[in-house]
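All residue numbers for the sequence shown refer to my numbering, where the first residue is 633 and numbers rise by one. Where a beta carbon is used, it is the ideal one built from N, C-alpha and C, also for glycine. Bear in mind the structure is a predicted one, so any value in this text is a computation, not a measurement.
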Amino acid sequence: MELATTLPPTTTLREVPAVVARIERLGFDTVHVPETTHDSLAVALLAAEHTSRITVRTSMTLAFPRSPMVTAYAAWDLARFSEGRFQLGLATQVRGNIVGRFSVPWDRPAEHLRDYLASIRAIFAAFATGAPLQHEGSHYRFTRLQPYFNPGPLSTAAPALYTGGVNRRVCEVAGELADGFVTHATNSHPSHLRTVVLPGLRAGAERAGRAGIPRVVVVSKSITGPTQAALAASRAAARQELAFLFSTPAYRTTLDRLGLGEVGERLAGMAASGRWAGLADTLDDETLATLIPHGTYAELPDVLDRAYGGLADGLGLGLPLDPDDDEDFGALLQRLRLIPTSAAAGDPPATGDPTDETTSATRSDAGSETVS
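What follows is the structure, given as structure tokens:
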């Protein structure tokens, strides 16, 4: 099982070297570089410079505010600089952020992401072979790349392309064109994987004639600690972030599925009125336990095995709050590595609740809030 952790979004640029060195020392395979208050590609460069073993994967670089050519140049440089340890994660974010925060048009996001991935593939091929660049799709047209502007081939493979998201349509796009898929923290529940993510990946792969589906990395925001007291502290630290995420209507699929739609409505109403400070109080311990795996270091391997064994190829886990716990946490990672990975590529489609899956597909067709 691949083990990943997300670089804390509050990490300043000066802190990145020490934090990623700690991540590598703990024994993680991958560091996810988010895009919240920093440029993910710039931070990924620092992460690659100050590590030597782990994979550096953006999770997720926002696609639509950037031209695919701009993103391709940066990814190619990072792959060369890291000697093949860089992977490019791309996502759409939600309409409100793309239009209101970035002032970028929002148009058929699933199709837009599909064309973005196809554009990146075409540009990478031109970089690698020197062949003429020719791509004409639904949103992008690339027909010019003079030798002077071509960075030339890599000594390693082109960066793997990962996507992330919530609804069925964006999962199908990943199944068609991505190398891997990273679940969103609010939609990593096993029921969502079985009824939306895996069926969507399979449908996309079948449509594209692919033999298997992309790798699946689950980022569930698992809550853990070495003792019950530390577990409680971790729960309190996670509550605010999860409440903020679940306040976004596009991220409420799992809440609705688990009969917690009222919680989502309450969180969304508080966010709409600017009552950010009170969000965390809405997610009580019982609700958190329903949504997110919990367990001490001794308990967590069995908890995650029951939840994700055979469903995923990678698991995301947060860093210990107390560096004094690092040695015990490193031992925990070794146990988590033994959890069976996904055999989904060769399995028949998951047999979830057909009504549930249809509802998810209908929601994603009607709504435009695909996510990062």
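For residue 663, the number of other beta carbons within 10 angstroms of its own is at least 16, and it is reported as buried. Contact between the region 764 to 782 and the region 809 to 820 is absent, with fewer than three C-beta pairs closer than 8 Å. The alpha-carbon of residue 914 is positioned some 15 Å away from that of residue 904.
Of all alpha-carbon atoms in 726, 739, 881 and 830, the one lying nearest the alpha-carbon of residue 902 is that of 881. Rounded to the nearest angstrom, the gap between the Cα atoms of residue 788 and residue 730 is 33 Å. Residue 974 has its alpha-carbon roughly 16 Å from the corresponding atom of residue 837. With 16 or more other CB atoms across the displayed protein chains lying within 10 angstroms of its CB, residue 886 is buried.
As for any beta strand (DSSP E) of minimum length 3 sitting wholly inside the region 787 to 814, the runs are 793 to 797, ordered along the chain. Around the beta carbon of residue 792, 16 or more other beta carbons sit within 10 angstroms, so the residue counts as buried. Taking the Cα of residue 703 as reference, the smallest distance to any Cα among 674, 714, 678 and 726 is reached at 674. Below 8 Å, enough C-beta pairs join the region 941 to 953 and the region 654 to 670 to call them touching: three or more.
With contact defined as three or more Cβ pairs closer than 8 Å, the region 642 to 650 and the region 800 to 807 are not in contact. Note that the C-beta distance between residue 848 and residue 920 is not below 9 Å. Assignment of beta-bridge partners to residue 689 by DSSP yields 664 and 719. Take residue 696, set aside five residues on each side of it, and the residues of its chain with a beta-carbon closer than 6 Å to its own are 730 and 736, in chain order. Taking the CA atoms as reference points, residue 721 sits about 9 Å from residue 694. Put simply, of 945, 970, 965 and 742 the residue whose alpha carbon is nearest the alpha carbon of residue 655 is 965. Secondary structure of residue 638 (DSSP, three-state): strand. Rounded to whole angstroms, the separation of the alpha carbons of residue 665 and residue 853 is 15 Å. Excluding residues up to 5 positions away in sequence, 748, 751, 752, 755, 772 and 774 lie with their Cβ nearer than 8 Å to the Cβ of residue 700 in the same chain. By the CB criterion at 9 Å, residue 676 and residue 710 fall inside the cutoff. Proximity to residue 795 across 786, 810 and 804 peaks at 810, based on C-alpha coordinates. When rounded, the separation of the alpha-carbon atoms in residue 967 and residue 875 is 30 Å. A straight line joining the alpha-carbon of residue 823 with that of residue 868 spans about 25 Å. DSSP places residue 829 in no alpha helix (DSSP H); its state is neither H nor E. From the listed residues 850, 878 and 778, the smallest Cα separation to residue 638 is found for 850.
Assigned with DSSP and collapsed to three states, residue 907 falls in coil, not helix or strand. Fully enclosed beta strand (DSSP E) runs of no fewer than 3 residues are not present anywhere in the region 861 to 916. Nearest neighbour of residue 640 by Cα position, chosen from 873, 865 and 935, turns out to be 873.
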